[in-house]
Amino acid sequence: MRTGPGFLAVAVAAIALVLPACGAAEPGPPPNVFLEYARSGEVKNDRFPTDTSGEDRLANFAAHYTPEQLQTRLLSAFPCAESEECRPNARVKQAWHDFAGQDGELFGRSVVARYEDGSLELVTLYVARKADGATLVIDSKGGTYSGLEDFRDNNDLFGTGDWILAPRDLTAVPGEGEIVTVTGQLPVRWQPWVFGGAGATVVLAGTAVALRRLRDRRADAAVG
């Protein structure tokens, strides 16, 4: 007995519909986002805008900072109470007070974003700090995160094709430590429900084949 081609087509199609959502390939080597920032004169929301680009912009930065100093200026958290650059919206303020209360502090933190299309932007995140020192990252939409990996796993500001230059410890105030270039979103993970869905499809397919074989055998026996 052979399984009908229509049934096989349906079973394969069902599995094919499940598998594309299972995961995505890891991205390639990270771009040098810091160098691209230092060269570009077209960075959206740049805190250090210049009228030049390329080697002239690099030379301008070199006249005032070492690379480490520039990174520190770019990525360190700054107190919102003391900076005109820190303008939290209502959703940020609500998340801040929900976490830290009225006595908590709020800091701004820039990360350098390189989008999939190659454009650059300084994106402001926020760090709320309680009186006991506990901290929380807040984005402009009011989303809250315990750290960099949580942010990459759950934010909807960036996609897997975008890259960000940021402190590894995103909650650190002011933010000394390792600087990393990572994708703005973690690649899609294989989820348990996907395995279950694919497994269920295969089980159903196998069960249907077995039942069809049993039915055909009984029909052959009746004829015989």
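Numbered per the numbering used here, the sequence shown spans residues 620 to 843. Glycine included, C-beta positions come from ideal geometry on N, C-alpha and C.
Looking at the secondary structure, which residues open and close the alpha helix (DSSP H) in which Arg710 lies?
709-719 is the span of the alpha helix (DSSP H), which, as asked, contains Arg710.
Could you check where the beta strand (DSSP E) with Arg733 kicks off and where it finishes?
Looking at the DSSP string, the run of the beta strand (DSSP E) that includes Arg733 is 724-733.
Buried or exposed: Glu701, going by 16 or more other Cβ atoms within 10 Å of its Cβ?
Per the 10 Å Cβ criterion, exposed.
Within a Cβ cutoff of 8 Å, which residues of the same chain sit near Leu636, ignoring the five residues on either side of it in sequence?
Here the model assigns Leu636 a pLDDT of 40, short of 50, so the residue's position is not dependable and the matter cannot be decided.
Roughly how many angstroms lie between the CA atoms of Asp804 and Val731, to the nearest whole one?
The sequence shown places Gln at residue 804, rather than the Asp named in the question. Looking at the two C-alpha atoms, the distance is approximately 14 Å.
What is the rounded straight-line gap between the Cα of Gly720 and the Cα of Arg771?
If you take the alpha carbons of Gly720 and Arg771, they lie about 26 Å apart.
Only counting the same chain, and skipping five residues up and downstream in sequence, which positions put a Cβ closer than 7 Å to that of Arg676?
Counting only Cβ-Cβ distances below 7 Å, and skipping sequence neighbours, we find Ala657, Arg658, Gly660, Thr669.
Taking Cβ positions, are Gly762 and Thr743 nearer each other than 8 Å?
Taking 8 Å as the Cβ cut-off, Gly762 and Thr743 do not qualify as a contacting pair.
Are three or more beta carbon pairs between the stretch 792-799 and the stretch 679-699 nearer than 8 Å?
Cβ pair count under 8 Å is three or more, so yes.
Could you tell me the alpha carbon to alpha carbon distance between Pro686 and Val756, rounded to whole angstroms?
Spanning the two alpha carbons is a distance of roughly 26 Å.
Please classify Leu654: is it buried, with 16 or more other beta-carbons within 10 angstroms of its beta-carbon, or exposed?
Looking at its Cβ environment, which holds fewer than 16 other Cβ atoms inside 10 Å, Leu654 is exposed.
Please identify the residue among Asp788, Asp769, Ala785 whose C-alpha is closest to the C-alpha of Pro806.
Checked all of Asp788, Asp769, Ala785; the closest Cα to Pro806 is Asp769.
Alpha carbon to alpha carbon, how far is Ala747 from Phe718? Give it in angstroms, no decimals.
So the two alpha carbons sit approximately 7 Å from each other.
Please report the straight-line C-alpha distance between Ser759 and Ala709, rounded to a whole angstrom.
Cα-Cα distance, rounded: 9 Å.
Starting from the C-beta of Glu797, find all residues in its chain whose C-beta is less than 6 Å away, skip the five residues before and the five after it, and write them out in chain order.
Contacts found: Arg787.
Cα-Cα, which of Gly737, Ser738, His716, Tyr745 is closest to Ser729?
Nearest option by C-alpha distance: Tyr745.
What would DSSP say about Leu694, mapped onto helix, strand or coil?
In this structure, Leu694 counts as helix in the three-state DSSP scheme.
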